[in-house]
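The number in the numbering used here is simply the position in the sequence shown, starting from 1, with 108 added. A quick write-up on the structure given underneath.
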Amino acid sequence: MYSIGVGPTEPTTGFLIWRLSTRWRADVDRALAPLGLTHAQFSVLAALSGLARSGQRPNQRQLADFTGLEPLYVSKLARALESAGLVERPADPADPRAVRLVLTDRGRAVVAEAVDIVHARHAELTAAIGGPDGTLGHALRATLHSLLDSEPDESEQTMTRPRVFNGQDINVAAAATRGILDTLLTEADLSFEQFIALRAMAAEPAGREAIGARASGPAADQASVLRAITALEAAGLATGSADRVEPTERGRQLVERVAAASLRVGDQLFEGIPADDQVVAKRVLDLITERARALRAELSGQAL
């Protein structure tokens, strides 16, 4: 083995780092070629993905600082990625001389696929020392941080891996399933508020205020449920007084038909999804709901 510019000798640390870095870039270039990406372009896309997850929309200068690449090189990479439809370069409102970099929908899809490929190559590269999460892998990262005079970042292992599941996915799924229910309710000539009020009455008749409180929630407030009860009474689907309201026989039959149709559709929606996956999905959604409520309470007292 030879080091640069000298005769046969033990290779220096710098030479080995250079060789490893060169090998890594070439390996990633080959692995990402089917996606039309180079290692450098991936670095920009992955950095953008990580920054976007923390709510940041960097301009080119900020991205250059983040990646350690030269600003002119980042500008060249950004233009190529823009031409490929992977990023957009809107003007930076805070600096009219600068442009921001934002991933397009296609860019997010490509970087998600690229991250999986690069992580697999990383695992292969470090397999000889026990993988990226092995003892030697951690020691190597600590050594490199020391050489770079940088502090380890707890988020760096996941920074480039975009979430495969986010709030938009939840909203899309909620809108799609709510759309099915709305279709069933339209056929039954019921509003959503009337349906949940009628369902609450059928489950356990009670006073108007109690039904309103029981049936209300994030999708319908108590006032709208109380108005729905009045409409149900006018339509002959509910009857009673302030102390007790309940569905008429026609109202009970109607809510039972809608509930049965909804159950059949639910069975179709979940058909083929393993029970274990459903348990995990429910646990994740319950946790997200809990966190969202806590964050909403926290944000309600802050000026944005």
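In this text, a Cβ means the ideal position worked out from N, Cα and C, and glycines have one as well.
Just the Cα atoms here: how many angstroms apart are R165 and R229?
28 Å
Could you name the residues that DSSP lists as bridge partners for H196?
Looking at the sequence shown, residue 196 is not His but Glu. Bridge partners of E196: V210.
State whether the stretch 332-348 contacts the stretch 390-397, with contact taken as three or more CB pairs (one from each stretch) at a distance under 8 Å.
no
Own chain partners of R187 with C-beta closer than 6 Å, once the 5 adjacent residues on each side are dropped
none
Looking only at C-alpha atoms, which of S183, R352, T130, T285 sits nearest to A206?
Nearest of S183, R352, T130, T285 to A206, Cα basis: S183.
Provide the residue span of the alpha helix (DSSP H) that contains T175, from first to last.
168-175
Pairwise C-alpha distance: V226 and T266
Residue confidence for T266 is low, a pLDDT of 44 falling below 50, so the modelled location carries little weight; the figure read from the coordinates is stated next. Each residue's alpha carbon lies about 13 Å from the other.
From this set, R372, A343, P198, which residue's C-alpha is nearest V210's C-alpha?
P198
Between E190 and the rest of its own chain, which residues show a CB-CB distance below 6 Å, the 5 nearest in sequence each way excluded?
R197
Specify, as a first and last residue, the run of the alpha helix (DSSP H) that G348 falls within.
No alpha helix (DSSP H) holds G348; the beta strand (DSSP E) holding it covers 346-348.
If we require 3 or more residues per run, which beta strand (DSSP E) segments fall completely within the stretch 353-408?
353-355
Going by the CB atoms, is the gap between P313 and R352 shorter than 7 Å?
Closer than 7 Å, so yes.
Can you give me the start and stop residues for the alpha helix (DSSP H) that T243 sits inside?
243-256
Extent of the continuous alpha helix (DSSP H) to which S183 belongs
179-191
According to DSSP, which residues form a beta bridge with A328?
A328 is bridged to G325.
Alpha-carbon spacing of V219 relative to G325, whole angstroms
C-alpha separation (whole angstroms): 38 Å.
State the beta-bridge partners of D203 as determined by DSSP.
D200
Nearest neighbour of A318, chosen from S299, A350, A328, L298 [CA to CA]
A350
So for A314, helix, strand or coil by DSSP?
strand
D290 - containing alpha helix (DSSP H), residue span
275-296
Can A323 and A311 be called in contact, C-beta distance under 7 Å?
Contact check for A323 against A311 fails: the beta carbons are separated by 7 Å or more.
Is the stretch 146-153 in contact with the stretch 168-183, if contact means three or more CB pairs nearer than 8 Å?
yes
Given that a residue counts as buried once 16 or more other Cβ atoms are within 10 Å of its Cβ, and exposed if not, what is A389?
exposed
Span separating the alpha-carbon of L256 from that of V387
44 Å
Tell whether a beta-carbon distance below 7 Å holds between R286 and V363.
no
In or out: E221 buried (at least 16 other Cβ within 10 Å) or exposed?
With fewer than 16 other beta carbons inside 10 angstroms of its own, E221 counts as exposed.
Close-in-space but distant-in-sequence residues of the same chain around T234 (CB under 6 Å, 5 per side omitted):
P240, G245
Inter-residue Cα distance where the pair is L124 and R133:
14 Å
For T291 and A367, the rounded distance between their alpha carbons
The straight-line gap from Cα to Cα measures roughly 13 Å.
So A339 and Q302 are supposed to be a Cβ contact under 8 Å. How far apart are they, rounded?
6 Å
Measuring straight from C-alpha to C-alpha, what distance separates R401 and S408?
11 Å
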